[in-house]
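Engineer:
There are 2 protein chains.
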Amino acid sequence: MNGKHEPRKVTLELVAAEAGVSPSTVSRVLNQSAGVSLAKQRRVNEVIDKYGFKPNLLARSLAGGKTMSVGVLTQFIDSPFYAEALKGIEDLLLAHGYVPIFVSGHMDAAEEADKIDVLIQRKIDGLLVLSSTQSDDQLQALAKKLPVVVTGREVGGANIKSIDFDHYESGRLAANFLYSQGHRAVAVITGPRTAADASSRLRGILDEMTRVGQEVDGDSIVEGDFQEFGGFQAMEELLRRDLRFTAVIACNDQMAYGANLALFRSGFRVPDDVSLIGFDNLKHSAFTLPPLTTVSQSSYQIGTVAAESLLELITDKLIPEKTELQVRVVVRESTRSLRS
Amino acid sequence: MNGKHEPRKVTLELVAAEAGVSPSTVSRVLNQSAGVSLAKQRRVNEVIDKYGFKPNLLARSLAGGKTMSVGVLTQFIDSPFYAEALKGIEDLLLAHGYVPIFVSGHMDAAEEADKIDVLIQRKIDGLLVLSSTQSDDQLQALAKKLPVVVTGREVGGANIKSIDFDHYESGRLAANFLYSQGHRAVAVITGPRTAADASSRLRGILDEMTRVGQEVDGDSIVEGDFQEFGGFQAMEELLRRDLRFTAVIACNDQMAYGANLALFRSGFRVPDDVSLIGFDNLKHSAFTLPPLTTVSQSSYQIGTVAAESLLELITDKLIPEKTELQVRVVVRESTRSLRS
DNA sequence: TTGTATGCGTTATCAT
DNA sequence: ATGATAACGCATACAA
Chain A
1 MNGKHEPRKV TLELVAAEAG VSPSTVSRVL NQSAGVSLAK QRRVNEVIDK
51 YGFKPNLLAR SLAGGKTMSV GVLTQFIDSP FYAEALKGIE DLLLAHGYVP
101 IFVSGHMDAA EEADKIDVLI QRKIDGLLVL SSTQSDDQLQ ALAKKLPVVV
151 TGREVGGANI KSIDFDHYES GRLAANFLYS QGHRAVAVIT GPRTAADASS
201 RLRGILDEMT RVGQEVDGDS IVEGDFQEFG GFQAMEELLR RDLRFTAVIA
251 CNDQMAYGAN LALFRSGFRV PDDVSLIGFD NLKHSAFTLP PLTTVSQSSY
301 QIGTVAAESL LELITDKLIP EKTELQVRVV VRESTRSLRS
Chain B
341 MNGKHEPRKV TLELVAAEAG VSPSTVSRVL NQSAGVSLAK QRRVNEVIDK
391 YGFKPNLLAR SLAGGKTMSV GVLTQFIDSP FYAEALKGIE DLLLAHGYVP
441 IFVSGHMDAA EEADKIDVLI QRKIDGLLVL SSTQSDDQLQ ALAKKLPVVV
491 TGREVGGANI KSIDFDHYES GRLAANFLYS QGHRAVAVIT GPRTAADASS
541 RLRGILDEMT RVGQEVDGDS IVEGDFQEFG GFQAMEELLR RDLRFTAVIA
591 CNDQMAYGAN LALFRSGFRV PDDVSLIGFD NLKHSAFTLP PLTTVSQSSY
641 QIGTVAAESL LELITDKLIP EKTELQVRVV VRESTRSLRS
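These protein sequence lines map, in sequence, to chains A and B. Last residue of the first sequence: number 340 in this note's numbering, and the count goes up by one each step with no gaps. Last residue of the second sequence: number 680 in this note's numbering, and the count goes up by one each step with no gaps.
1) May I have the straight-line CA-CA distance separating B/Asp369 from B/Arg541, to the nearest angstrom?
2) In three-state DSSP terms, what is B/Glu563?
3) Let me make sure I understand the geometry here. Which of A/Ala234, A/Ala83, A/Tyr257 and A/Gly35 has the alpha-carbon closest to that of A/Ile302?
4) So A/Ser61 contacts chain B; which residues on that side make the cut at Cβ distance below 8 Å?
5) Which bits of chain B does A/Pro147 rub up against, with CB to CB less than 9 Å?
6) Counting pairs of beta carbons, one from the region 658–677 of chain B and one from the region 448–456 of chain B, are three or more of them closer than 8 Å?
7) Given that A/Ile77 touches chain B, what residues does it touch there, using C-beta distances under 7 Å?
8) Check the C-beta distance from A/Gly171 over to A/Ile205 and give it rounded, since I have them as a contact under 8 Å.
9) Throw me the rounded Cβ distance for the A/Val216 and A/Val186 pair, which I believe falls under 8 Å.
10) Quick one: measure Cβ to Cβ for A/Val342 and A/Ser334, integer angstroms, because I've assumed they're closer than 8 Å.
11) Do A/Glu237 and A/Leu92 count as a contact pair if the criterion is CB distance below 8 Å?
12) Give the residues of chain A in contact with B/His624, contact being defined as C-beta atoms less than 9 Å apart.
13) Please classify B/Ser638 as buried or exposed, where buried requires at least 16 neighbouring CB atoms within 10 angstroms.
14) Once the 5 residues before and after A/Val212 are set aside, which same chain residues still bring their CB inside 6 Å of it?
15) DSSP state of B/Phe608, grouped into three classes?
16) Measure from the C-beta of A/Gln121 to each C-beta in chain B and report whether the shortest distance is under 8 Å.
17) Provide the residue span of the beta strand (DSSP E) that contains B/Ala527, from first to last.
18) Under 9 Å Cβ-Cβ, which residues of chain B neighbour A/Ile101?
19) Our contact map puts B/Leu470 next to B/Leu486 with C-beta atoms below 8 Å; I'd like the distance itself, whole angstroms only.
20) Report yes or no: is there a C-beta of chain B within less than 8 Å of the C-beta of A/Asn159?
21) Which first and last residues belong to the beta strand (DSSP E) in which B/Ala590 is found?
22) Do you know how far the Cα of A/Gly258 is from the Cα of B/Ser419?
23) Does the distance from the C-beta atom of B/Ala596 to that of B/Gly558 stay below 8 Å?
24) Between the C-alpha atoms of B/Ser364 and B/Leu622, what's the straight-line distance to the nearest angstrom?
25) Where does A/Thr315 sit, in a helix, a strand or coil, going by DSSP?
26) Please report the straight-line C-alpha distance between A/Val295 and A/Ile277, rounded to a whole angstrom.
27) Excluding five sequence neighbours on each side, which residues of the same chain lie with their C-beta closer than 6 Å to the C-beta of A/Asp197?
28) Once the 5 residues before and after B/Thr633 are set aside, which same chain residues still bring their CB inside 6 Å of it?
29) B/Phe442 by DSSP, collapsed to three states: which one?
30) Would you identify the three-state DSSP class for B/Phe393, choosing helix, strand or coil?
31) Determine the direct distance from the alpha carbon of A/Thr67 to that of A/Val150, and round the result to whole angstroms.
32) Starting from A/Ser275, trace the alpha helix (DSSP H) both ways and give me its first and last residue.
33) Excluding the five sequence neighbours on either side, which residues of its own chain have a C-beta within less than 8 Å of the C-beta of A/Glu154, listed in chain order?
34) Could you tell me the alpha carbon to alpha carbon distance between B/Met341 and B/Arg348, rounded to whole angstroms?
35) Exposed or buried, which one is B/Asp612 when buried takes at least 16 other CB atoms within 10 Å?
36) Going by C-alpha to C-alpha distance, which of B/Asn592, B/Ile589 and B/Arg605 sits closest to B/Arg580?
In structure tokens form, the structure reads like this:
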């Protein structure tokens, strides 16, 4: 093709030669790891620009021990909830020069372990675990090899940090909101029994309802799987039970979507016949029919906060303005007030 | 913990020593790159198992030139459409020992270029570009450095391959379906003018309607942005224009969601007052109110097919049973027949 | 401040 | 079939 001078690969060494300095000097201006005379700095930088030199990250990692990449174990990359979190992670990480490597575990412990191996073999600097099914022990063992941040539950230990919303509080918020709107009989579609966040949320709901004197009967609680179809089925089950309720709490937005459809199929209207509230405030929830009232727990935020925490663990320095995790109910049109 | 001998890092060299062979031999059994006596193979493998040795991918890449990773440039990682495609890509790549590195370009040419740089600096073996805003020239230039696969449009050249659905045909399909259901006056919410797939789709629709003698007036076409809110606004605009139509074609499901809400707000019912059809068959479309009729173009499939093609380019050998890209209309409840 | 030498953990080249 | 030896491209103690 281009037959000029053999297109010799531009390496740090080449730059050094061209600038008339030693490779170490080039490395130093690259990393600002030591003082270099301004004269040489300029010369080196000129050559770098001239050749468009970009250090080979592989070589750098092999020599330096840091890959500037972090592994992210998620359950389903193709889920609206995780997608928003992943975006938060990507944004924050990239801003700090790191790149995320995403893998999905599909709620399967064995697959998760495999995926983690893949990541570790790639020498990631840290691991971000979103709602894993790994045992605490396994995670703590991992933490001996590299910094770990977990979401969706609480795991103690050194070199490991748990980031999460206060799901209990969110649950209370939802229940209290409904109560304040005049609802007394409430049914709930909860998440998988095995998910820590699901159960805190449920406890929050139940405790709050009890507190206001409207204890929720066990029959009014059905377990879903945090997915649309699970919510659909759960709602059908609730309907079959022939209970009396004016509102249903779906423990995440996706299940609320499914519940909404089940209600529709059975001829019930939201919110005229029954009020419906979800959790997460997925972006799509503003566009459902009707737009969904939901407890907002920004999954984007959980992503950025988790990433920030991991970076702190990796670099061992605090990140100044860490994002605050906020929870609030976003009132839209799937709930209505029963008070005259 | 285990205070035996200092927990020396287990490297290929360690394994070699322990097995009483040279490092090269270990490397050979690892890669099956040359004949090794069965006796030694066994011994080496025993030691490998005993120490749980996993080769350092960084070192391997630096020495061998291959990183077994491919870059994936997507527009929005937090979009239902891309999420499904990403899952397809991840599944297929991982099955072949490759890992995808995802970055988002956010429809911004400059950001895209930046992200591509990040990827290249990480020495990816190939690049997968989903609906980029880069120019053909830029992509062709990239293809000189590494294999490239593009979706969403047609780019020619060596070392580069374009994978896409036949959007024109999809458009025709949608139009023809509506016509077959008795619809004559059709409005359309198209995608961004700049998107190649959007315009083919539109042409398909228009051509088909013309073919059946129901030419679509320019007034009945509004441009959206492939997002929910864009669809919402487009539908509002359509409504303002006071046209006469019995069906609207939204050029993707997300815009259909928005359009559905806009219709609802204005007191129109889908499908009683107007039929609505989308494209993509996102998983969520089975759970909208009403469930959405849509032209199914599995984004998961586009992901796997694109990944397969990239692997073919990288490894230079054909993958046997390549997935077929299928397009069909999935009839649900957002459309109704006007006949009889 | 600057340069030299060595190491990071593999693969690849060349002998034997 | 097997083993030395040299890359791969950079960072980093150590020396000067």
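Think of the CB as a built atom: it goes at the ideal place given N, C-alpha and C, for glycine as much as any other residue. Just so it is clear, the structure is predicted and the values come from calculations on it, not from any experiment.
Structural biologist: Quick look at the numbers:
1) Here residue 369 of chain B is Val; the residue named in the question, Asp, does not match the sequence. The alpha-carbon atoms of B/Val369 and B/Arg541 are separated by roughly 52 Å.
2) Strand at B/Glu563.
3) Looking at the Cα atoms, A/Ala83 is the closest of the given residues.
4) Within chain B, the residues near A/Ser61 are Leu398.
5) Within 9 Å Cβ-Cβ: nothing; A/Pro147 doesn't reach chain B, min ~18 Å.
6) The answer is no - the region 448–456 of chain B does not touch the region 658–677 of chain B, with fewer than three Cβ pairs under 8 Å.
7) Among the residues of chain B, those whose CB is under 7 Å from the CB of A/Ile77 are Ala423, Leu426, Lys427 and Glu430, following chain order.
8) That belief holds up - the Cβ atoms of A/Gly171 and A/Ile205 are roughly 4 Å apart, short of 8 Å.
9) Indeed they touch by this definition, with Cβ atoms about 6 Å apart.
10) Since the first residue shown for chain A is 1 and the last is 340, residue 342 of chain A is missing from the structure and cannot be characterised.
11) No; because the gap between Cβ atoms is not below 8 Å, this pair is not in contact.
12) Neighbours of B/His624 in chain A, taken as residues whose beta carbon is under 9 Å from its own, are Pro80, Glu228, Gln254, Tyr257 and His284 in chain order.
13) By the neighbour-count definition (other C-beta atoms within 10 Å, threshold 16), B/Ser638 is a buried residue.
14) For A/Val212, where only same-chain residues beyond five positions count, the Cβ hits under 6 Å are Tyr179.
15) B/Phe608 falls in the coil class under three-state DSSP.
16) For A/Gln121, the answer is yes, since a Cβ of chain B falls inside 8 Å of its Cβ.
17) Residues Val526 to Thr530.
18) By Cβ distance, chain B contributes Ser409, Val439, Pro440, Ile441 and Phe442.
19) Taking the Cβ atoms as the reference, B/Leu470 lies roughly 16 Å from B/Leu486, outside the contact range of under 8 Å.
20) Not an interface residue.
21) For B/Ala590, the enclosing beta strand (DSSP E) starts and ends at Ala587 to Ala590.
22) So the alpha carbons of these two residues sit roughly 19 Å apart.
23) Taking 8 Å as the cut-off, the Cβ atoms of B/Ala596 and B/Gly558 do not count as close.
24) Straight across, the Cα-Cα distance linking B/Ser364 with B/Leu622 is about 50 Å.
25) Secondary structure of A/Thr315 (DSSP, three-state): helix.
26) C-alpha separation (whole angstroms): 8 Å.
27) Gly152 and His167.
28) Excluding the 5 residues flanking it on each side, B/Thr633 has same chain C-beta neighbours closer than 6 Å at Ile617, Val671, Arg672, Ser674 and Thr675, in chain order.
29) Strand at B/Phe442.
30) Residue state, collapsed to three classes: coil.
31) Taking the straight line joining both Cα atoms gives about 21 Å.
32) Per DSSP, A/Ser275 belongs to no alpha helix (DSSP H); it is in the beta strand (DSSP E), Ser275 to Phe279.
33) Counting only Cβ-Cβ distances below 8 Å, and skipping sequence neighbours, we find Ser162, Asp164 and Ala196.
34) Note that B/Met341 scores a pLDDT of 41, beneath 50, so its modelled location is shaky and nothing firm can be said.
35) Result: exposed.
36) B/Arg580 has its Cα closest to that of B/Arg605, out of B/Asn592, B/Ile589 and B/Arg605.
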